[in-house]
Amino acid sequence: MPLVPPYIESLRPYEAGRTIESVRRQYGLSQIAKLASNENPLGPSPKAVEAMRRALDGVNIYPDGGLALREILARQFELKIDNVIAGSGSEGIMSNIIRTFLCDEDEVLTTEAAFIGFQVLARSRGVKYRTVPYIGWRYDLRALAEHINPNTKIVYLANPNNPTGTIFTRREFDEFYRHVPERVLIILDEAYFEYAQDNPTYPDSMHYRYDNVITLRTFSKAYGLAGARIGYGFAHEELIRNLLKVKLPFEPSTPAQAAGIAALSDKEFLHRTLELNARGLRYLSAAFQELGVPAAKSEANFIMIVLPGERDAKRIFEEMLAQGVVVRPLGAFGLPDCLRISTGTDAENELCVEAFRRVYAAGVGASRAG
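In terms of numbering that gives the first Met the number 0, the sequence shown opens at residue 0 and continues consecutively.
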């Protein structure tokens, strides 16, 4: 019997986007725009940074397991603390969901090319992982409902979706939910919630407090705390009670929790973040439309473009990298002909479009000639 189970042996580890320092060393560049990982180009909230600094005085003491953040979120959303969980990013909670609720004969159902973090976590459990194709780069909720079977335990929905940036609407979710048995757990991954919340068709899951729905959110994106690893979730108290049995007892860390609490209070910073992002999405969308490059309609802080083929995507990624613009190839997600480009500062967005314009025609032409 092998030491490593076959379903683990066959996994590819999550590969993060290229770091600024690695690109600087490789190409000897001074100006680099990292637009690969959907990070906040404004950095973290100053209030969050100051809160982390103050929290450092107490790092000799074990954290409270997210209790302080849970209390604040419960008050803010008018819930009981028993409906809230905090963890090391939304992915940390997602990992606990997989460990808590999946049994050997269970199945997971989601879209093709779903968020790579969820793909890795779900496949690491060794259960059957089933998917349906996108329709117009959006979740096909009707097809997902039709594919629920007696073994389906978890349906994973990201809204807005990563890597496409698209959303499904309230009407679509309502119709989908009518076909979901109570025994099926729905994960609503709302990591990019803040960017889509003002869209009148967006189904904010806080208005869907169903017993079999778990909402996941994060401070990594709009709040600029990706390096702190802090996220939270909402669910029925019975689900939260069992998740608390499995999660590491002392996550999130004390500085991370302090940063999250302070970030929630900094409304002005969040407003600046959303304004910058909206401007960046308009600029990037218009530029790719002008170039005739197909792009999914994004409600997040990135845009996904579709190239003629995998070779084009690889060539353009590498040539933009050499010019100091880091974007995200999506082969690992299951979309080898696509690139995901995060919104940056105005200057970074301009640098990105200029670099893309320089390499696009030559890149596509070279690939076709080859």
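Ideal placement from N, C-alpha and C gives every residue a C-beta, glycine not left out.
In this text the structure is predicted, and so the values were computed from the model without any measurement.
As the crow flies, the alpha-carbon of Leu10 is around 8 Å from that of Arg122. Contact between the region 322-338 and the region 256-266 is not established, with fewer than three Cβ pairs separated by less than 8 Å.
Restricting attention to Gln196, Met0, Gly333, Lys244, the CA atom closest to the CA of Asn95 is found in Lys244.
The beta-bridge partner set that DSSP reports for Gly230 consists of Gly86, Thr217. Per DSSP, the beta-bridge partners of Arg339 are Met303, Arg327.
Residue burial is scored here from C-beta neighbours: Tyr359 has at least 16 other C-beta atoms within 10 angstroms and is therefore classed as buried. Residue state for Leu184 is assigned as strand, using DSSP reduced to three classes. Per DSSP, Glu106 lies in no alpha helix (DSSP H); the unbroken beta strand (DSSP E) holding it starts and ends at 106-110. With contacts defined as CB atoms closer than 8 Å, Ala312 and Leu306 qualify as a contacting pair. Annotated three-state conformation of Tyr6 is helix, per DSSP. In this structure, Ala255 lies near Ile229, with their beta-carbon atoms less than 8 Å apart. With a cut-off of 8 Å on Cβ pairs, the region 271-283 is not in contact with the region 112-120, counting fewer than three such pairs. Here DSSP, grouped into helix, strand and coil, assigns Tyr282 to helix. Looking from the CA of Ser36, the closest CA among Leu247, Tyr231, Gly291, Leu224 belongs to Leu224. For the pair Val107 and Tyr138, the CB atoms are not nearer than the 8 Å cut-off.
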